[in-house]
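Notes follow the structure.
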Amino acid sequence: MILSDSEILTAMERGEIVIEPYRRECLGTNSYDVHLSKHLATYRNRVLDAKAHNEIDHFEIPPEGYVLEPQINYLGSTIEYTETHATVPFLEGKSSVGRLGIDIHATAGKGDVGFCNYWTLEISVKQPVRVYEGMPIGQLIYFLVQGEILTHYHSKGSAKYNDRTHLPVESMMWRNRF
Numbered sequence: 004m005i006l007s008d009s010e011i012l013t014a015m016e017r018g019e020i021v022i023e024p025y026r027r028e029c030l031g032t033n034s035y036d037v038h039l040s041k042h043l044a045t046y047r048n049r050v051l052d053a054k055a056h057n058e059i060d061h062f063e064i065p066p067e068g069y070v071l072e073p074q075i076n077y078l079g080s081t082i083e084y085t086e087t088h089a090t091v092p093f094l095e096g097k098s099s100v101g102r103l104g105i106d107i108h109a110t111a112g113k114g115d116v117g118f119c120n121y122w123t124l125e126i127s128v129k130q131p132v133r134v135y136e137g138m139p140i141g142q143l144i145y146f147l148v149q150g151e152i153l154t155h156y157h158s159k160g161s162a163k164y165n166d167r168t169h170l171p172v173e174s175m176m177w178r179n180r181f
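Encoded structure:
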């Protein structure tokens with residue numbers, strides 16, 4: 004079941020959902036709009052290695068915007084810091100963003116119960132697109148969880164994305180055993 008706007012507000016009052024900064028006008032019928040921060044990053048190497056720590060270079064979107072180019076994997080982040088303690092958050096791109104040819108996540112649209120952080124975006128474009136700090140980029144949808152949660156994400160020792168940061172975070176695939 005997807006939470007409605009009133010259920011999202013109730014969950015926020017109970018501390019089960021945290022959104023900072025929170026703006027009432029960003030609350031949709033059954034979602035909350037999130038915005039692109041000024042922070043972007045790209046990988047240093049053109050060829051990435053799943054077993055290696057692939058380092059990234061951070062940069063900021065200037066006031067006049069920044070043109071994203073095809074065939075480059077950009078990492079971005081949301082302005083909003085979020086916590087979810089009793090629901091599963093899903094991040095989807097806004098339809099207006101998709102109609103510009105912007106994908107905001109390659110595969111990682113689902114968060115875990117207990118995810119407490121800014122969202123790193125995996126951004127790719129179909130053609131050159133100028134983006135701006137603060138533009139609406141996605142929407143969070145919250146799903147109820149059935150059953151007891153044994154270990155929240157932020158409590159897992161193996162969680163790779165627990166360090167709170169407003170900067171985009173590179174892939175931590177290299178920490179997996181395979």
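Under the working numbering, residues 4 to 181 are what the sequence shown spells out, in order.
All C-beta atoms, glycine included, are put in the ideal place defined by N, C-alpha and C.
The model shown is predicted, which means the values in this text are computed figures rather than measured ones.
Beta carbon of T81, beta carbon of Y121: below 8 Å?
In the sequence shown, residue 81 corresponds to position 78, counting from 1. In the sequence shown, residue 121 corresponds to position 118, counting from 1. In this structure, T81 sits near Y121, with a CB-CB distance shorter than 8 Å.
Alpha carbon to alpha carbon, how far is A89 from R27?
Stepping through the sequence shown from its first residue, residue 89 is reached at position 86. Stepping through the sequence shown from its first residue, residue 27 is reached at position 24. Cα to Cα, the separation comes out at about 21 Å.
Cβ-based burial, P171 [other Cβ within 10 Å; buried from 16]:
As a position in the sequence shown, residue 171 is number 168, starting the count at 1. Buried, by the Cβ-count rule.
Cβ-Cβ distance between I64 and L43 below 8 Å:
Residue numbering aside, residue 64 sits at position 61 when the sequence shown is read from its first letter. Residue numbering aside, residue 43 sits at position 40 when the sequence shown is read from its first letter. Contact: yes.
Among N179, V132, K113, Y46, which has the Cα closest to the Cα of V173?
Here the question's residue 173 lines up with position 170 in the sequence shown. A small fix is needed here, since residue 173 is Glu in this sequence, not Val. Of the candidates N179, V132, K113, Y46, the residue whose Cα lies closest to the Cα of E173 is Y46.
Using 10 angstroms around the beta-carbon of T32, count the other beta-carbons present and answer buried if the total reaches 16, otherwise exposed.
Here residue 32 refers to the residue found at position 29 of the sequence shown. The residue is exposed, with fewer than 16 neighbouring Cβ atoms inside 10 Å.
Answer yes or no: do E95 and G112 have a C-beta to C-beta separation smaller than 8 Å?
Within the sequence shown, the letter at position 92 stands for residue 95. Within the sequence shown, the letter at position 109 stands for residue 112. The beta carbons of E95 and G112 sit closer together than 8 Å.
Let me know the secondary structure DSSP gives R27 once reduced to three states.
Taking the first residue of the sequence shown as position 1, residue 27 is located at position 24. R27 carries a helical assignment under DSSP once its states are collapsed to helix, strand and coil.
Beta carbon of G104, beta carbon of V132: below 8 Å?
Indexing the sequence shown from 1 puts residue 104 at position 101. Indexing the sequence shown from 1 puts residue 132 at position 129. Their beta carbons are under 8 Å apart, which means G104 touches V132 by this criterion.
Given that a residue counts as buried once 16 or more other Cβ atoms are within 10 Å of its Cβ, and exposed if not, what is V134?
As a position in the sequence shown, residue 134 is number 131, starting the count at 1. By the 10 Å Cβ count, V134 comes out buried.
Proximal residues to I59 (C-beta, below 8 Å), its chain only, five neighbours per side dropped
By one-based count along the sequence shown, residue 59 stands at place 56. Cβ within range, chain order: A44, T45, Y46, R47, L78, P171, E173.
Closest by C-alpha distance to L71, when choosing among G117, L143, D106
As a working mapping, residue 71 is identified with position 68 in the sequence shown. It is D106 whose Cα lies nearest to the Cα of L71.
Go ahead and label V37 buried or exposed: buried means 16 or more other beta carbons lie within 10 angstroms of its beta carbon, across all protein chains shown.
Within the sequence shown, the letter at position 34 stands for residue 37. Classification of V37: buried, given that the 10 Å Cβ count is 16 or more.
Between H108, L124, E83, E151, which lies nearest to V116 when the distance is taken from Cα to Cα?
For the purposes of this step, residue 116 is taken as residue 113 along the sequence shown, with counting starting at 1. The residue among H108, L124, E83, E151 with its C-alpha nearest the C-alpha of V116 is E151.
Test item: CB-CB of E83 and I22 under 8 Å
Taking the sequence shown and counting its residues from 1, one reaches residue 83 at position 80. Taking the sequence shown and counting its residues from 1, one reaches residue 22 at position 19. Their beta carbons are under 8 Å apart, which means E83 touches I22 by this criterion.
Just checking my contact of T87 with F62 at CB under 8 Å: how many whole Å lie between their CB atoms?
On the sequence shown, residue 87 is found 84 positions in, with the first residue counted as 1. On the sequence shown, residue 62 is found 59 positions in, with the first residue counted as 1. With a Cβ gap of about 29 Å, T87 and F62 do not count as contacting.
Under DSSP, the beta strand (DSSP E) around I144 begins and ends at which residues?
As a first step, residue 144 is located in the sequence shown; it is residue number 141 there, counting from the start. I144 -> beta strand (DSSP E) spans 139–147.
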